[in-house]
Ligand code: OGA
Ligand code: NI
């Protein structure tokens, strides 16, 4: 079967939200209220203090904490990390400004048939499927020579430089986290170089407009990420990310300056299920817009995606092995439906 990457064109949600208080039927989601949301119970996702890895007196402790976070949560937040504050603040400023541009300006970067990059909506594969209450700008950012600059904003003027810096710094942090995670799994260094180093990075700027019927829509359908690890930055103070935990939705409250990090499907497959990708979704606010930046990291494009031999011994492979390109094509040509995509990779 020929798979087409890319999404069917649908309405711009920011414009829709600005034009009327009516919420079209295609955005109303029966599942939005179907599962209980954990009330504020004083528990948060684990917090990893990156500076503790750099101190020989605390690095082992922090590594064990990270190992437990990956096994028990699949999500953690990282503070005191290596991405400079100025780089983050500049990116936040410019992405806010980008989404405030008039629609015609943003539409200069509209997605084109067959490509997932650009401004628009993702994972729309059929005319009757329900839609997410969000607009996105999705860009491939690494390797740098493969960037498709026609989709990169030129307004605000500093956007491209801000993104270039942000992309490099976040990639660096992702590589350092991956190295520690691989060590925690006692993987041999060759495997780490081949599969646990960032080859491909892509970045999704998410804009969730306010919605008068916020409890009936979803900003982002329930899904797991198809990468090794994702680093999410919440751009403004509006919360909305929820992770699935024991069948309930658990709201994430990011600390100031933190990245929310999650294990992706590729990590789950390579580790033969030692670390699992966790389903998550985004709910929206009735009054305020929400912005976030999700940065996805995957191995190089020619890496084979399958359980590592050394983790298969004894238990057998739980997932199929496929090449990275086919894996991504399959991912982008499916509707988001929890972990159903990963289920197709199971043996
Ligand atoms: C994503 C994602 C979460 C958020 O882009 O894959 O899960 O907080 N985003 O916007
Ligand atoms: Ni996600």
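In the numbering used here, the protein residues as written are 1073 to 1419.
Don't be surprised by glycine CBs; every beta carbon is placed ideally from N, CA and C.
All values reported here derive from a predicted model rather than from experimental measurement.
Within the same chain, and ignoring the five residues on either side of residue 1394 in sequence, the residues whose Cβ sits closer than 6 angstroms to its Cβ are 1377. A Cβ-Cβ distance of about 30 angstroms is found for the pair residue 1290 and residue 1250, leaving them out of contact under the 8 angstroms criterion. Residue 1170: member of the alpha helix (DSSP H) spanning 1157-1172, first to last residue. For residue 1265, the enclosing alpha helix (DSSP H) has its first and last residue at 1261-1267. By the Cβ-count criterion, residue 1319 is exposed, with fewer than 16 other Cβ atoms from all chains shown falling within 10 Å of its own Cβ. Rounded to the nearest whole angstrom, the C-alpha separation of residue 1271 and residue 1093 is 43 angstroms. Contact between residue 1206 and residue 1278 holds: their C-beta atoms lie close to 6 angstroms from each other, under 8 angstroms. A Cβ-Cβ separation of about 6 angstroms places residue 1384 in contact with residue 1344 under the 8 angstroms criterion. Residues of the same chain with a CB within less than 8 angstroms of the CB of residue 1252, apart from the 5 flanking positions on each side, are 1125, 1135 and 1138 in chain order. In the three-state scheme derived from DSSP, where H, G and I count as helix and E and B as strand, residue 1295 is classed as strand. The DSSP-derived three-state label of residue 1085 is helix.
Counting only runs of at least 3 residues, the stretch 1186-1246 fully encloses the following beta strand (DSSP E) elements, listed from N- to C-terminal order: 1190-1192 and 1207-1214. Counting of Cβ neighbours within 10 angstroms places residue 1204 among the buried residues, the total reaching 16 or more. At a cut-off of 6 angstroms, the beta-carbon of residue 1245 does not count as near the ligand OGA: no heavy atom of the ligand is closer than that. Scanning 1282, 1245, 1305 and 1292 for the CA closest to the CA of residue 1095 turns up 1282. Distances from the CA of residue 1349 to each of 1114, 1148, 1116 and 1103 were compared; the closest alpha carbon is that of 1148.
If you draw a straight line from the Cα of residue 1254 to the Cα of residue 1268, it is about 7 angstroms long. Annotated three-state conformation of residue 1094 is coil, per DSSP.
Taking the Cα of residue 1327 as reference, the smallest distance to any Cα among 1121, 1105 and 1316 is reached at 1121. Residues of the same chain with a CB within less than 8 angstroms of the CB of residue 1140, apart from the 5 flanking positions on each side, are 1118 in chain order. In the structure shown, the three-state DSSP call for residue 1396 is helix. Non-local C-beta neighbours of residue 1238 in its own chain, meaning closer than 6 angstroms and more than five positions away in sequence, comprise 1159 and 1163, ordered along the chain. Contact between residue 1210 and residue 1186 is ruled out by a C-beta separation of about 14 angstroms, above the 8 angstroms threshold.
If you look at residue 1276, you'll find it isn't in any alpha helix (DSSP H); it sits in the beta strand (DSSP E) that goes 1272-1280. Contact between residue 1356 and residue 1312 holds: CB atoms are separated by about 6 angstroms, below the 8 angstroms threshold. The three-state secondary structure of residue 1384, taken from DSSP, is helix. Separation of residue 1244 and residue 1202 (C-alpha to C-alpha, rounded to the nearest whole angstrom) is 37 angstroms. By the criterion of a C-beta distance shorter than 6 angstroms, residue 1109 is surrounded in its chain by 1321, once the five residues flanking it on both sides are discounted. Secondary structure note for residue 1141: its alpha helix (DSSP H) is the uninterrupted segment 1131-1144.
Taking the Cβ of residue 1366 as the reference point, at least one heavy atom of the ligand OGA falls within a distance shorter than 6 angstroms.
Distance from the Cα of residue 1273 is smallest, within the candidate group 1375, 1295 and 1302, for 1302. Here residue 1124 carries a helix assignment [DSSP, helix/strand/coil].
Distance from the CA of residue 1175 to the CA of residue 1167, rounded to the nearest whole angstrom, comes to 14 angstroms.
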